[in-house]
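Trainee: Residue numbers for the sequence shown follow my numbering, so the first one is 182 and each next one is one higher.
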Amino acid sequence: MCKVGVAERLRIRRNTSEDILLRWEEECSLRLQNSCDGRIVISCGVNDTVIENERLRVSFEESVENIRKILKGAKKYNVIMLGPPPIDDDTHNKRIKAISEAYENEANLLNVPFIELYSSLTIDNAYKKEISENDGAHPKSNGYKKISGIVGSSPHWWFNEP
Numbered sequence: 182m183c184k185v186g187v188a189e190r191l192r193i194r195r196n197t198s199e200d201i202l203l204r205w206e207e208e209c210s211l212r213l214q215n216s217c218d219g220r221i222v223i224s225c226g227v228n229d230t231v232i233e234n235e236r237l238r239v240s241f242e243e244s245v246e247n248i249r250k251i252l253k254g255a256k257k258y259n260v261i262m263l264g265p266p267p268i269d270d271d272t273h274n275k276r277i278k279a280i281s282e283a284y285e286n287e288a289n290l291l292n293v294p295f296i297e298l299y300s301s302l303t304i305d306n307a308y309k310k311e312i313s314e315n316d317g318a319h320p321k322s323n324g325y326k327k328i329s330g331i332v333g334s335s336p337h338w339w340f341n342e343p
């Protein structure tokens, strides 16, 4: 039975687009029954752009291909994509910005709504202060409120529909 307004957060720390590609369909098929108005929010990219052992965790090309595959498959549901937010590392942020732009392009090509977070958050001094005072990647509560405000005010967001 469908429950109205139930949200399940399936975030796994340090997951990449590759990890999400491997599990999203099973996760959704277990939770989104045909009789439900199931909706999916996809967000990734920061972990793909991390450099480990002198290379990206997921290459730029593979990351974009993973998103293409995820979004193509997820279109059978109501799906939206959130772009990756900036972190407290200017060099890494250049890679995040590039992957965000590539993800937005893929979403647009597939007619999947995309909410871009990077540009608003990268110029927000309070947000940047929160991530630098926390772990360098995640904000504190006010930073998450800022993200929620960007998402909730987007014309693409559909959870505020009557």
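All C-beta atoms, glycine included, are put in the ideal place defined by N, C-alpha and C.
Give the range of the alpha helix (DSSP H) segment to which L202 is assigned.
Mentor: Residues 198 to 212.
Trainee: Taking the CB atoms as reference points, tell me whether V332 and I296 lie closer together than 7 angstroms.
Mentor: Against a cut-off of 7 angstroms, the Cβ pair of I296 and V332 comes out as a contact.
Trainee: Does the distance from the C-beta atom of K278 to that of Y308 stay below 7 angstroms?
Mentor: Not in contact: K278 and Y308 (Cβ atoms no closer than 7 angstroms).
Trainee: Using C-beta distances below 7 angstroms, list every residue in its chain close to E311, excluding the 5 sequence neighbours before and after it, in chain order.
Mentor: Hits under 7 angstroms: P320, K321, N323, G324.
Trainee: Which runs of the beta strand (DSSP E), 3 residues or longer, sit entirely within the region 231 to 292?
Mentor: 259 to 263, all fully within the region 231 to 292.
Trainee: Are L291 and L263 touching if we call contact CB-CB under 7 angstroms?
Mentor: Not a contact, by the Cβ cut-off of 7 angstroms.
Trainee: For I201, collect the residues of the same chain with a Cβ closer than 8 angstroms to its Cβ; drop the 5 residues on either side in sequence, then sort them by chain order.
Mentor: So the qualifying residues of the chain are I223, C225, N247, I251.
Trainee: Tell me which same chain residues have a C-beta within less than 7 angstroms of the C-beta of S313, skipping the five on either side of it?
Mentor: Excluding positions up to five away in sequence, the list reads D269.
Trainee: Under 8 angstroms by Cβ, that's how I've got P294 and S281 pegged, so tell me the actual separation to the nearest angstrom.
Mentor: About 15 angstroms separates the two Cβ atoms, so there is no contact after all.
Trainee: Compute the Euclidean distance between the alpha carbons of G254 and E206, then round it to the nearest angstrom.
Mentor: Roughly 8 angstroms between the two C-alpha positions.
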